[in-house]
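To keep things clear, I will list the structure first and then write my remarks on it.
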Amino acid sequence: MNYQQLLKNIKQNKLSPLYLFAGPEQYIADMMVGNLIKAAVSEGMHQLNVMSFSEKDTEISEIIEICRQLPMMSAYRVVVVREEVGLMRTSAKETVEAFSDYLASPEPTTILIVLDSKPDKRKKIYKQFIKNGELVNFEKLSLVELENWMAMRLKRENKTISSRALRHAIERSRYLQSENVNVEMMDHWTAQMIDFAGSESSVSIDTVEAVIPEAIDDNIFKMIDAAIGGETGQALQMLDLFYHQGESPFGVFGLMTGQIRTMTEVGMLSERRISVSQIAKQVKRPLFVVKKMAQRCRQMGLLPLKKMMITLADLDLSMKTGKIDPELAISLLMMRLSRQKK
Numbered sequence: 001m002n003y004q005q006l007l008k009n010i011k012q013n014k015l016s017p018l019y020l021f022a023g024p025e026q027y028i029a030d031m032m033v034g035n036l037i038k039a040a041v042s043e044g045m046h047q048l049n050v051m052s053f054s055e056k057d058t059e060i061s062e063i064i065e066i067c068r069q070l071p072m073m074s075a076y077r078v079v080v081v082r083e084e085v086g087l088m089r090t091s092a093k094e095t096v097e098a099f100s101d102y103l104a105s106p107e108p109t110t111i112l113i114v115l116d117s118k119p120d121k122r123k124k125i126y127k128q129f130i131k132n133g134e135l136v137n138f139e140k141l142s143l144v145e146l147e148n149w150m151a152m153r154l155k156r157e158n159k160t161i162s163s164r165a166l167r168h169a170i171e172r173s174r175y176l177q178s179e180n181v182n183v184e185m186m187d188h189w190t191a192q193m194i195d196f197a198g199s200e201s202s203v204s205i206d207t208v209e210a211v212i213p214e215a216i217d218d219n220i221f222k223m224i225d226a227a228i229g230g231e232t233g234q235a236l237q238m239l240d241l242f243y244h245q246g247e248s249p250f251g252v253f254g255l256m257t258g259q260i261r262t263m264t265e266v267g268m269l270s271e272r273r274i275s276v277s278q279i280a281k282q283v284k285r286p287l288f289v290v291k292k293m294a295q296r297c298r299q300m301g302l303l304p305l306k307k308m309m310i311t312l313a314d315l316d317l318s319m320k321t322g323k324i325d326p327e328l329a330i331s332l333l334m335m336r337l338s339r340q341k342k
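The opening position of the sequence shown corresponds to residue 1 in the UniProt record's numbering, with each subsequent residue numbered one higher.
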């Protein structure tokens with residue numbers, strides 16, 4: 001089930017003795033832990049009936065002992081086992097057997113919640129858990145879900161945001177494209193936007209851009225785009241800025257190679273009459289970046305980009321074998337890109 005179904009079950013007081021909270025959005029999972037505790041144990045009884053384990057060396061016997069205890073002045077006891085314990089990934093025979101026995105016959109007055117973003121589905125414990133308990137998947141939110149999440153978060157603070165600014169915030173964050181960006185980060189940025197807006201009732205695009213940093217690969221594309229557009233001086237200034245920010249020549253070169261490879265892919269997909277929005281989903285890049293890439297591909301044509309990929313491979317070998325200084329190689333690459341302008 002997803003977290004929406006879990007919320008519905010909680011409201012209907014349909015509680016299970018076993019929950020496995022899996023998936024990347026553990027921030028939302030933590031919120032659901034709070035909702036389950038609130039539904040199962042009155043606030044004054046938390047100290048007596050809510051227990052959380054987060055230490056790696058926690059013994060399974062200790063967890064089971066707590067689970068088997070009857071609640072005190074409450075209908076339920078809640079036991080939370082954090083991912084750090086490693087319970088869903090263990091291969092220790094005694095632990096597996098003891099926990100499997102508990103899963104086969106859980107205490108009806110205990111709600112056991114185990115959190116693991118990537119449980120090993122091959123393990124006996126996992127199979128036993130989903131057989132006898134409830135698996136709740138906390139997957140990344142869809143575009144609409146994230147828009148609603150952020151809009152409601154802003155509304156609680158009496159702030160509004162236009163559809164354009166909201167979409168820009170999501171695109172700039174790379175939430176939909178990157179595994180490294182989660183709801184916790186989005187919530188943090190939303191809180192910062194609220195603070196940055198101050199007395200203003202609405203969050204503007206300027207506020208979005210002031211709070212959410214551009215992804216480095218988007219900035220790398222801006223540098224490439226400047227070079228292709230004939231603005232070599234600006235491109236070289238941006239290159240120097242990357243170095244000052246601590247990026248190595250090899251790191252910059254790798255990112256440039258990725259961007260030019262993506263540009264080539266965008267050009268090939270565009271020739272097949274695939275829509276820009278579909279291409280953006282396929283290459284996992286923001287729509288506004290893909291639009292710019294498609295425009296550059298039309299200006300340059302695919303052949304120069306394919307030749308550039310060969311040049312990149314040659315430069316990569318020359319840098320790694322010490323035949324050319326990496327910083328000089330990238331500067332020469334910029335010059336070559338500037339000659340691609342039609």
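C-beta atoms are modelled at their ideal positions from N, C-alpha and C, and glycine is treated no differently.
Return no unless some Cβ of chain B is closer than 7 Å to the Cβ of residue i.
i      : result
His168 : Of the protein chains in the structure, only one exists, and it is not chain B.
On a CA-only basis, which of the options is nearest residue i? Give me that one, please.
i      : options                        : result
Lys127 : Val252, Leu143, Val96          : Val96
Leu48  : Arg298, Ser74, Arg68, Gly23    : Ser74
Thr90  : Thr109, Lys118, Pro106, Ser105 : Lys118
Leu20  : Asp187, Leu328, Ile125         : Ile125
Gly267 : Asp195, Lys306, Asn2, Trp149   : Lys306
Ala29  : Thr58, Arg68, Arg82, Glu43     : Arg82
Leu287 : Lys323, Gly246, Arg167, Leu303 : Arg167
Leu141 : Ile170, Ser201, Tyr243         : Ile170
Asp57  : Gly86, Thr109, Met45, Arg339   : Gly86
Phe242 : Ala151, Gly229, Ala215         : Ala215
Ala104 : Arg273, Lys131, Phe196         : Lys131
Ala151 : Asn180, Glu179, Ala191         : Ala191
Trp149 : Val252, Val41, Gln4, Ile205    : Gln4
Asp206 : Met238, Arg172, Ser42          : Arg172
Leu154 : Arg298, Asn180, Ser201         : Ser201
Asn158 : Asp195, Arg122, Val181         : Asp195
Contact check, residue i vs residue j under 8 Å by CB: the rounded distance?
i      : j      : result
Met293 : Thr262 : 7 Å
Glu25  : Phe138 : 4 Å
Val136 : Met1   : 6 Å
Trp189 : Val211 : 6 Å
Met334 : Thr264 : Contact doesn't hold; Cβ gap of about 18 Å is too wide.
Leu70  : Thr109 : 6 Å
Gly230 : Ser163 : Between Ser163 and Gly230 the Cβ distance is about 35 Å, and since that is not below 8 Å, they are no contact.
Got a sec, what are the start and stop residues for the alpha helix (DSSP H) residue i sits in?
i      : result
Phe196 : 183-197
Thr321 : Here Thr321 belongs to no alpha helix (DSSP H), and DSSP marks it neither H nor E.
Asn158 : Where Asn158 is concerned, there is no enclosing alpha helix (DSSP H), given that its DSSP letter is neither H nor E.
Leu255 : 249-271
Leu166 : 163-173
Met31  : 26-40
Gln278 : 276-283
Arg122 : No alpha helix (DSSP H) holds Arg122; DSSP gives it neither H nor E.
Asp57  : No alpha helix (DSSP H) contains Asp57, which DSSP labels as neither H nor E.
Arg298 : 287-300
Thr90  : Here Thr90 belongs to no alpha helix (DSSP H), and DSSP marks it neither H nor E.
Lys11  : 3-11
Ile216 : 216-228
Ile205 : 205-211
Go to residue i, then tell me how far its beta strand (DSSP E) extends in each direction, as first and last residue.
i      : result
Arg77  : 77-81
Thr232 : Looking at the DSSP string, Thr232 is not in any beta strand (DSSP E); the run it does join, the alpha helix (DSSP H), is 232-244.
Asp116 : 110-116
Asn137 : 134-137
Leu20  : 18-22
Ser52  : 50-53
Measure the CB-CB distance between residue i and residue j and report whether it falls below 7 Å.
i           : j      : result
Ile66       : Met88  : no
Leu18       : Gly198 : no
Pro213      : Pro326 : no
Ile64       : Tyr102 : yes
Gln177      : Lys281 : no
Met186      : Tyr175 : yes
Ala235      : Val208 : no
Ala329      : Leu315 : yes
Glu107      : Arg156 : no
Ile324      : Ser331 : no
Glu84       : Ser54  : yes
Val183      : Tyr27  : yes
Met32       : Leu6   : yes
residue 361 : Leu269 : What the structure shows of the chain is the stretch from 1 to 342, and residue 361 is not part of that stretch, so it cannot be assessed.
Ala22       : Ile60  : no
Inter-stretch contact at 8 Å, needing at least 3 Cβ pairs: the region 211-230 / the region 275-293 = A contact exists between the region 211-230 and the region 275-293.
Is it a yes or a no for the region 247-259 touching the region 211-220, going by three-plus beta-carbon pairs under 8 Å?
-> When Cβ pairs closer than 8 Å are counted between the two stretches, the region 247-259 is seen to touch the region 211-220, the count reaching three or more.
Contact between the region 71-80 and the region 110-120: three or more CB pairs below 8 Å?
-> At 8 Å Cβ cutoff, the stretches touch.
Cβ contact (3+ pairs, closer than 8 Å) linking the region 9-16 and the region 30-49 = Touching, per the Cβ criterion.
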